[in-house]
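**Q** Everything in the sequence shown is counted per the UniProt record's numbering, starting at 1 for the first residue and increasing by one.
Even for Gly, the Cβ is constructed at its ideal location relative to N, Cα and C.
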Amino acid sequence: MESDDEEKAYADYRERSRDLTPFDAIEPPPYMCGGISPLHITNEVRRNLTPLCELALDKYNTEQGTNFVFVDILKSTHQVVAGTNYFMTFRAKSPNCPLVTFQAYVWVKLPCYGGQPVVQSCAIKPA
């Protein structure tokens, strides 16, 4: 049975996260399992996510006929599934253009499912 404090924390979390996309997920209460959580961007996380951003951007460039180059990751959220879903927000640049913010959703499969990342989506972030 949940305590009153836990119930209040869940209600607060549901209210604050109601209109957020997976790219903007907020930290859930500490005792809540599952869901999408922010990923703190450390140097190690940056090294791990950069190739995923580049993979997503390569797919975008191929599909759109563009030539964007990855610049930097801004933020990411993640969800543990049969592997990990990453919802990454990053900046990229095309020659003679200002920086553009992208959002990519990449699933990194568990080793038993092949372990390879699969780009689910990559697009310019809506204004």
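1. Which residue wins for smallest C-alpha separation from Tyr113, given the options Val100, Ala127, Glu44 and Ala82?
2. So what's Cys112 in DSSP terms, helix, strand or just coil?
3. Report the CB separation of Ser17 from Ile41 in whole angstroms; it is logged as a contact under 8 Å.
4. Using the Cα positions of Met1 and Thr62, report the straight-line distance between them to the nearest angstrom.
5. Counting beta carbon pairs with one atom in the region 6–23 and one in the region 47–56, are three or more of them shorter than 8 Å?
6. Looking at Gly35 and Gln64, is the spacing between their C-beta atoms short of 8 Å?
7. Assign Cys122 to buried or exposed, taking buried as 16 or more other Cβ atoms, counted over all protein chains shown, within 10 Å of its Cβ.
8. Just curious, the beta strand (DSSP E) that Thr89 is in, first and last residue?
9. Using a Cβ-Cβ cutoff of less than 7 Å, which residues in the same chain neighbour Pro46 once the five nearest sequence positions on both sides are dropped?
**A** The structure says:
1. Ala82
2. Looking at Cys112 - three-state DSSP - the assignment turns out to be helix.
3. The pair is not a contact, with the Cβ atoms about 20 Å apart (cut-off 8 Å).
4. Because the pLDDT of Met1 is 44, which lies under 50, any placement of that residue in the model is unreliable, and the number read from its coordinates should be weighed accordingly. Rounded to the nearest angstrom, the two C-alpha atoms are 52 Å apart.
5. no
6. Not a contact, by the Cβ cut-off of 8 Å.
7. buried
8. Gly83 to Lys93
9. Checking the sequence shown, residue 46 turns out to be Arg, not Pro. Cβ within range, chain order: Ile73.
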